[in-house]
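Below is one structure, written out as structure tokens; the observations come after it.
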Amino acid sequence: SVKKRAVAEAAQHDKVPRPVGFVPPPPACPGRILHFDI
Amino acid sequence: VPAAPPAPLGCDDPESQAAADIAVNYINGHSHHGYKFTLNRIEDIRVVPQGPNKDIIFLELDLLETTCPILSPTPLENCTVRSFAEHAVEGDCDVKMQKVDGTLSVLASKCNSHADSSEDLLKVCPDCPLLAKMNDTDVLQTVSAALNDYNSKTTESYLRLLEIGRAKIQYHPGHTIVTEFAVGATNCSAEEAKANVEACQLLPKDQSNFGFCTAVMVKHPSQDLRVDCQLYGHQVGAPDIPLLSAHWYYTS
């Protein structure tokens, strides 16, 4: 019989390891400040 | 398999910037008071697809006041942003736009403007003068005296006050009032106005000639008044500006 792997365990194995130095993309909003913040 | 939905627009994406530029031009084009505003930051952008080639776009924009009066013909890109030390004014705008077949247009906009907090300014610049209230007696007296002084010396058209743009009062070392106000040319020469000033009305829209004055009144240690007015000349498509009677001022 096919043994159903626990989802958590599978997820653990399937999680793609982050490459070293991975920098998450900057948040989409709010945008950059063009002059100064008040 | 249905196509994956497009990635959400980022606030710094070129398309968001293009939409914000159109929105800022719309806001300045539909304002008749105060100063031109320029983009400082795109706070948020949301795109709601409405079917093939049609999106509704909601923008939240942070704007900053420039030193260009709203009636000035100076292009926005040539307008200096009011510096922090001059007591900056910020605008918060919500804009609804649509994009149909790639063409962006504004459906509606709502803005609120407010000066930077005095505490924040004084924290950074303790000696910077703060914006004064527009109905401050010193301010009203300075504007009135400056316009009378200018009209008494000009050989051109008699000018009427449209609105006070901003004013600042400094109490140290001397007592100084600096004001900026918008003016309009009337159908009288300054000489004619001496005889019957009530007859002097703003020129009709197809001949209108608006301008802007800055005045500095020193009350202490010695009395001094300097006023400088620049008229823009007739501009095609100038907006209808209501003439303000002496007691009613708009504020920026």
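From first to last, the protein sequence lines stand for chains R and D.
Numbering of the first sequence is given in my numbering, commencing with residue 1 and proceeding in unit increments.
Numbering of the second sequence is given in my numbering, commencing with residue 1001 and proceeding in unit increments.
Glycine included, each C-beta is placed from N, C-alpha and C at the ideal position.
| Asked | Found |
| --- | --- |
| Whole angstroms are fine: how far does the CA of V1089/D sit from the CA of F1210/D? | 23 Å |
| Between which two residues does the alpha helix (DSSP H) containing T1142/D stretch? | 1137-1153 |
| Specify the secondary structure class of P1049/D as computed by DSSP and reduced to three states. | strand |
| Is the shortest distance between the beta-carbon of P24/R and the beta-carbons of chain D less than 8 Å? | no |
| What is the DSSP secondary structure of Y1249/D, reduced to helix, strand or coil? | Caution applies to Y1249/D, whose pLDDT of 35 falls short of 50 and renders its modelled position unreliable; the value that the coordinates give is listed next. DSSP places Y1249/D in coil when its eight states are reduced to three. |
| What are the residues of the segment 1037-1048 of chain D that lie near chain R, defined by any Cβ-Cβ distance shorter than 8 Å? | T1038, L1039, N1040, R1041, I1042, E1043, D1044, I1045 |
| Look up A1023/D in the DSSP assignment and say whether it is helix, strand or coil. | helix |
| Out of curiosity, what's the CA-to-CA distance linking L1104/D and G1165/D? | 32 Å |
| Would a check of beta-carbon distances place G1010/D closer than 8 Å to chain R? | yes |
| Would you say D1149/D lies against chain R (beta-carbon separation less than 8 Å)? | no |
| Where does P19/R sit, in a helix, a strand or coil, going by DSSP? | coil |
| Along chain R, in chain order, which residues have C-beta atoms closer than 7 Å to that of L1122/D? | Those within 7 Å of L1122/D in chain R number zero; the least Cβ separation is about 13 Å. |
| Can you tell me whether P1069/D is helix, strand or coil according to DSSP? | strand |
| First and last residue of the beta strand (DSSP E) that includes V1236/D? | Segment: none, V1236/D is in no beta strand (DSSP E) and carries neither H nor E. |
| Given that E1086/D touches chain R, what residues does it touch there, using C-beta distances under 7 Å? | Ordered by position in chain R, no residue passes the 7 Å Cβ test against E1086/D, which lies about 12 Å from the chain. |
| As an exercise, report each continuous beta strand (DSSP E) stretch of at least 3 residues that is fully enclosed by the segment 1169-1196 of chain D, in chain order. | 1175-1189 |
| Closer than 7 Å by C-beta to Q1230/D: which residues in its own chain qualify, once you throw out the five before and the five after it? Chain order, please. | G1211, F1212 |
| Taking 8 Å as the threshold (beta carbon to beta carbon), is D1116/D in contact with chain R? | yes |
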